[in-house]
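Chains as they are written, first to last, in the numbering used here: chain A, 1 to 362; chain B, 363 to 724; chain C, 725 to 1086; chain D, 1087 to 1448. Yeah, the Cβ is synthetic: ideal placement off N, Cα and C, and Gly gets one too. A short worksheet on the structure shown next.
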């Protein structure tokens, strides 16, 4: 268990960072949706390491193959299996990986839980597992766009203390993709890149915040108790590696306001649609989408893999010093952008199908 | 769907704020656990409105009845159904509740989703729904305590900008319950109460942050992909009414550090146990509990129900002014403390059963 | 786990034969469906013991109360909780029930599984548990009827070797209800009643077969792999107490034919609809409904509770003789008729919602 | 949805008969189980078409590849993905397959449900989908054997009216595999083979019954309501292609007995274990395994694909004649034997993990 996400639109990922490959089965995709490997590959390339000087230098081709569920360019309504082969990588140094616990990695908890571990890499906790999520996210995004023109855009909002100014109501994918840090505030992006390079040169790493907006969301997605939209999005993004926090709408800052300052007053717009004058709710009220933009933020800790010397223990519990070799990824946030978009898309797509299933029958 | 939480320890709640009653079915509770209605009632009383001058003045007795699953004081391993009757309350004013949308409530989204609404109250979005969660949480806490002495303590960490100093490693339930705001920092608690009363008198409301710690957590709970401990806790607490944010361990503040500052170095303690010298991970690494204390925070927005005049629209979309009548609850946080504890307990209990089921077979 | 049935239309039952009560939560019922307690009560009365001279003489009022999810006669789209109180029955003889294992009851397996048992009755294996299923079935039937005029009729097809002649394509509820054995073949029904009374007087019991037909089934329900319509119906009816077999369409008899004898040839009817000339498939092909009538049969063993002396053991493993006291139910089949209808309705309703959710989105 | 089976031991299959490949993800396999591709391949070879003169002549190599979840010959506790490539088969004749509906196949229901269909083959309804199930079943069998020496043996019990005499309490895999029809009654097997060849030469096909026994089943698997062992097995086997009926223990024949004839009396064996003197219950009482052998039978209809001329319609609803070309599979039952074993194994393995998870915690 624990490798499936969603109820009507169900995504199951598989694969370790080392071994035959990684991938995903998407069960419940509506039939007759046009989809190509190229569309999926586009998102995988955004997620891929080695795409720029500020991400991990490992080059992974990550070429996807659709094994099932698509025929003559259209979905069949049956499970879509997507496979990305692992490269025949030389395992890293045995002593280091197999014997010692890298600080703030999952090595020790894996051993505690399973009593066995593929010491060649990060196993299922590796960012490589997210390939399956991003592939599924590409399909979910297309369903949402086809249904209501719904679009999801994420971007790097903050690196350490460098915070960008971005308007979530009109930021575009093109703006996000215009620089390697995926921050639509061009001036701030430059400073972010500089900071990442500087800290990376020191063998260290940085964290930050990814912000994400979903626009043209139909009213009525989500349900008022456990499966609230914000609860399911929280679970989705907090299941990404390296996440430490989540907020929607006003978030933690909203706790400083009074109720009269925080409440979103209603009005009727020119099309006769009930709208809110402000959007501190972040597009969700009582767990159900209200048609306003869904806006959320995710905190990513600094990458655990660094090249500085750290104290740790080995499997026998003996204390030792560990120093990462080779190059490392000083900042995961640019690659996390498509991951966050994907998890938000998976949640909204699942809720869309559930809403149609429950509420549109009679 | 959407009213069930958990996989092996499954909790399904039912009931609107108005109607016959609210309650819960707990499916998957291990057999032979000693449990009494009194233990459940204790937690329900902590959650109950009207328990002090700073919460909602509505008096609700909220007396629970165990309908099934317990025999001669012990669980049978079969579903435990718990019912709390609603009082035969006079519905509130028809015009106000049935016709207008209260700002930042779920009235409008309910109508958009279901096309029907029990206008007598908040329906399933009412805090009254959490009775079932807290009752289930009482049982989950007892299972966890019986299994490994695991204990969960939550408390009010911050009201607006008033932040308490609390040591999560040794804070006790008695300290939490020593004042009506459920903040173990006695000096700060006084200022919090004063603030809540002051703003409440103005017909307004406040928000803040609840912090929660789980101690004596066995290593190995959770799994490395979607069902990470922190992801499931995030979903659980973000499904509580009025929540806007979640963080674990270092949280959003952790994004300001570098990797070398943030990583938790390992050492071996006197019992030969692998431990971390710091706990920025918050007790979870790679989605799996590492035996350190699980520490998390939840942001609650200021209560939406206020007595100040607000602009809104009615069901016909006509703009109007709305002013809450009678008394209101200026601060939900003291009552949210047992809710947060319960959701954390539900998640850990489910993961404990799953871990025993998957990993302890061979 | 194990007390929930369905995915989008989810039914969770609770309650032992002794204790506060039994009931059900229905999660996922579409909103705005008109439903009354009287409609549910009608089906519960069909299921009720003591309704005629050939069923168990225990009189149970089984009055249902809707606790939530219905407002002003219409469903809200939220969980519908239904409660039926247990009567304050005097527990049966302690020595007999608590200490000995009744042959072909669940007493011994309960003790083996849970290590604890409510010795006052059959616990969750009691036919009393099916109250929740039948209540949920009443709602499922109404949804199906509202959606496509779908109707489900079950009846007693066979008692021991007494087999009725019934045309499933036009049998009516009125015909089924026209006699106490619920067999629409009036002549055969008389012989069945005679047989049941004769064997019942001897302190013994009989079994037989219930047949069930669903008419006006929309094409396209079900899916081609695990969640085939016939697989889900098989699970549903085989989860009823005392069932030993299931077949659909040609069933076991179909294994005697050749492929050319068994295949259902296609033709186009006057409305231009693709139909099958025969219906050995029983309304399902490749796991998906084809619009023909779904026809199935369920084998019920003779009731385990008899008044004849039997050998058994007590909890200490000591061999002993056991003889049921008081009156007993010589034949469960008339009461099983609404149970079978309900399980078929739950399956079809769940598949209807899932089909609308997955296939009607784009 | 509908492509996943199980709760703690979860199996998700993918793949059409045509396209990149078919396979399975097994989520929840306990860690540290020794497993090799050869063990899985052995079961796949039993399922493979073309293995003897009486099955389908299509030669499929069906070589499996473990993509993840196994490291150095042991399971990791993470998802095990297994892939079997499809051969680059020339699609069959377009006119026949794409335009006409083969009688008693899923062509028409697919079109009704999805509005699209891979006309090159049977899609997900193809027996080829069962490759994933059999691969997963190989692993489930190994877990069960490791846990309690549990063994599952299935065999052909009947072809049309030719019924074998087999003792389920001691039949062995070697006896089953000793002839091509997989019937351990050697004399009857010869007559079965003769019958299959004779009817096959006429372009027609036959059906029959597969019987399956599970021995050394621990007491306590299953639960008393929806997830009864027999209900879950019924669902599992009735989700196999071409199944029309299921029975456990005394089955349909048991309906002819009286309660006093049918009840299984208890006694205490020499080891002090509570046993039943007879086993009409088929190893399950109240939905829970009682430690006796689980014995069940599955009815398979004659294969739908024949070489005789049949009436049907095309997609436009025009009536036409259809005659299968090439060779066909006159009898699916020998290949169905490992399929039935696999589904029984999946159910028991899931219940084992759930039982350990729920009942062995306190």
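9 Å Cβ cut-off: residues of chain C touching residue i
{"i": "residue 1104 of chain D", "result": "Simply none; closest approach about 15 Å."}
Chain-ordered chain A contacts of residue i [CB-CB under 8 Å]
{"i": "residue 1446 of chain D", "result": "Within chain A, no residue comes near residue 1446 of chain D; the closest Cβ sits about 17 Å away, beyond 8 Å."}
{"i": "residue 366 of chain B", "result": "226"}
Partners in chain D for residue i, counting only beta-carbon separations shorter than 8 Å
{"i": "residue 714 of chain B", "result": "1447"}
{"i": "residue 832 of chain C", "result": "1352, 1360, 1371 and 1376"}
Sheet register partners of residue i (DSSP bridge)
{"i": "residue 1038 of chain C", "result": "C:824"}
{"i": "residue 647 of chain B", "result": "B:650"}
{"i": "residue 747 of chain C", "result": "C:738 and C:807"}
{"i": "residue 296 of chain A", "result": "A:212 and A:248"}
{"i": "residue 1249 of chain D", "result": "D:1244"}
{"i": "residue 1361 of chain D", "result": "D:1353"}
{"i": "residue 1238 of chain D", "result": "D:1300"}
{"i": "residue 788 of chain C", "result": "C:808"}
{"i": "residue 70 of chain A", "result": "A:75"}
{"i": "residue 1409 of chain D", "result": "D:1395"}
Residue j beta carbon less than 8 Å from that of residue i
{"i": "residue 349 of chain A", "j": "residue 476 of chain B", "result": "no"}
{"i": "residue 989 of chain C", "j": "residue 1000 of chain C", "result": "yes"}
{"i": "residue 137 of chain A", "j": "residue 43 of chain A", "result": "yes"}
{"i": "residue 1299 of chain D", "j": "residue 1379 of chain D", "result": "yes"}
{"i": "residue 674 of chain B", "j": "residue 694 of chain B", "result": "no"}
{"i": "residue 1371 of chain D", "j": "residue 1294 of chain D", "result": "no"}
{"i": "residue 1393 of chain D", "j": "residue 1377 of chain D", "result": "no"}
{"i": "residue 1116 of chain D", "j": "residue 724 of chain B", "result": "yes"}
{"i": "residue 1061 of chain C", "j": "residue 900 of chain C", "result": "yes"}
{"i": "residue 47 of chain A", "j": "residue 586 of chain B", "result": "no"}
{"i": "residue 1432 of chain D", "j": "residue 1097 of chain D", "result": "yes"}
Cross-chain neighbours of residue i in chain C, by beta carbon under 7 Å
{"i": "residue 1215 of chain D", "result": "949"}
Chain C residues whose Cβ lies nearer than 8 Å to that of residue i
{"i": "residue 32 of chain A", "result": "1086"}
Alpha-carbon to alpha-carbon, residue j and residue i
{"i": "residue 227 of chain A", "j": "residue 601 of chain B", "result": "7 Å"}
{"i": "residue 803 of chain C", "j": "residue 750 of chain C", "result": "5 Å"}
{"i": "residue 18 of chain A", "j": "residue 594 of chain B", "result": "27 Å"}
{"i": "residue 775 of chain C", "j": "residue 1321 of chain D", "result": "33 Å"}
{"i": "residue 822 of chain C", "j": "residue 1046 of chain C", "result": "13 Å"}
{"i": "residue 462 of chain B", "j": "residue 577 of chain B", "result": "46 Å"}
{"i": "residue 1255 of chain D", "j": "residue 1239 of chain D", "result": "10 Å"}
{"i": "residue 993 of chain C", "j": "residue 1197 of chain D", "result": "18 Å"}
{"i": "residue 172 of chain A", "j": "residue 39 of chain A", "result": "18 Å"}
{"i": "residue 1428 of chain D", "j": "residue 1226 of chain D", "result": "8 Å"}
{"i": "residue 181 of chain A", "j": "residue 162 of chain A", "result": "12 Å"}
{"i": "residue 1190 of chain D", "j": "residue 365 of chain B", "result": "40 Å"}
{"i": "residue 354 of chain A", "j": "residue 203 of chain A", "result": "47 Å"}
{"i": "residue 1283 of chain D", "j": "residue 1277 of chain D", "result": "10 Å"}
Anticipated Cβ contact below 8 Å, residue i with residue j, distance rounded
{"i": "residue 738 of chain C", "j": "residue 746 of chain C", "result": "7 Å"}
{"i": "residue 727 of chain B", "j": "residue 573 of chain B", "result": "Here chain B has residues from 363 to 724 only, and residue 727 of chain B is not among them."}
{"i": "residue 1442 of chain D", "j": "residue 390 of chain B", "result": "Actually they do not touch by this definition, with Cβ atoms about 13 Å apart."}
{"i": "residue 121 of chain A", "j": "residue 16 of chain A", "result": "7 Å"}
Chain-ordered chain A contacts of residue i [CB-CB under 7 Å]
{"i": "residue 1164 of chain D", "result": "16, 123 and 124"}
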